[in-house]
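S.K.:
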Amino acid sequence: MAINLSTLPSKEIMPGLHGKLVHTENMSLVFWEVEKGAEVHEHAHMNEQVMHVIEGKFELTLDDETNVYHPGDLVVIAPYKKHSGKALTPCKLMDVFSPVREEYK
Numbered sequence: 030m031a032i033n034l035s036t037l038p039s040k041e042i043m044p045g046l047h048g049k050l051v052h053t054e055n056m057s058l059v060f061w062e063v064e065k066g067a068e069v070h071e072h073a074h075m076n077e078q079v080m081h082v083i084e085g086k087f088e089l090t091l092d093d094e095t096n097v098y099h100p101g102d103l104v105v106i107a108p109y110k111k112h113s114g115k116a117l118t119p120c121k122l123m124d125v126f127s128p129v130r131e132e133y134k
């Protein structure tokens with residue numbers, strides 16, 4: 030399977046979070062364009078998640094610890110761990126979920 034991101038439609042999954050979604054047999058990848066100030070409210074899911082900051086500054090709270098992440102940072106979020114976040118600047122992020130994030134299909 031070969032995909033060119035420029036051909037994928039963008040969906041506003043949450044207010045201010047626009048994602049291009051790719052689903053494989055075992056994973057979901059989301060390439061986010063995030064508006065400054067957009068928030069991801071506290072939640073948890075069964076999927077393991079890896080967040081990669083490509084551009085911007087993103088504040089993430091995981092296990093009641095808040096940190097600001099910058100380009101090149103990766104954060105591993107274990108299944109069922111509560112987390113939330115906020116874009117401090119416009120951001121580009123990539124999330125990888127395993128298994129497939131069914132609610133994003």
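Okay, so the sequence shown: first residue is 30 according to the numbering used here, each after it adds one. Glycine included, C-beta positions come from ideal geometry on N, C-alpha and C.
1. Applying the criterion that 16 or more other CB atoms from any shown protein chain within 10 Å of the CB defines a buried residue, is I106 buried or exposed?
2. Going by beta-carbon coordinates alone, are E88 and P100 separated by less than 9 Å?
3. Using DSSP with H/G/I as helix, E/B as strand and the rest coil, what is L34?
4. Tell me the DSSP bridge mates of A116?
5. Quick one: is K65 buried, meaning 16 or more other Cβ sit within 10 Å of its Cβ, or exposed?
6. Roughly how many whole angstroms lie between the Cα atoms of G45 and V63?
7. DSSP state of E71, grouped into three classes?
8. For the candidate residues V59, H52 and K111, whose alpha-carbon lies nearest to that of E41?
9. Roughly how many angstroms separate the alpha carbons of K115 and M56, rounded to a whole number?
10. Return helix, strand or coil for Y109, following the three-state DSSP convention.
M.R.: Here's the rundown:
1. Classification of I106: buried, given that the 10 Å Cβ count is 16 or more.
2. At the C-beta level, E88 and P100 stay beyond 9 Å of one another.
3. DSSP places L34 in helix when its eight states are reduced to three.
4. In DSSP, A116 forms a bridge with F87.
5. With fewer than 16 other CB atoms across the displayed protein chains lying within 10 angstroms of its CB, K65 is exposed.
6. A direct Cα-to-Cα measurement between G45 and V63 gives close to 6 Å.
7. In this structure, E71 counts as strand in the three-state DSSP scheme.
8. Taking only the C-alpha atoms, the option nearest E41 is V59.
9. C-alpha separation (whole angstroms): 24 Å.
10. Coil.
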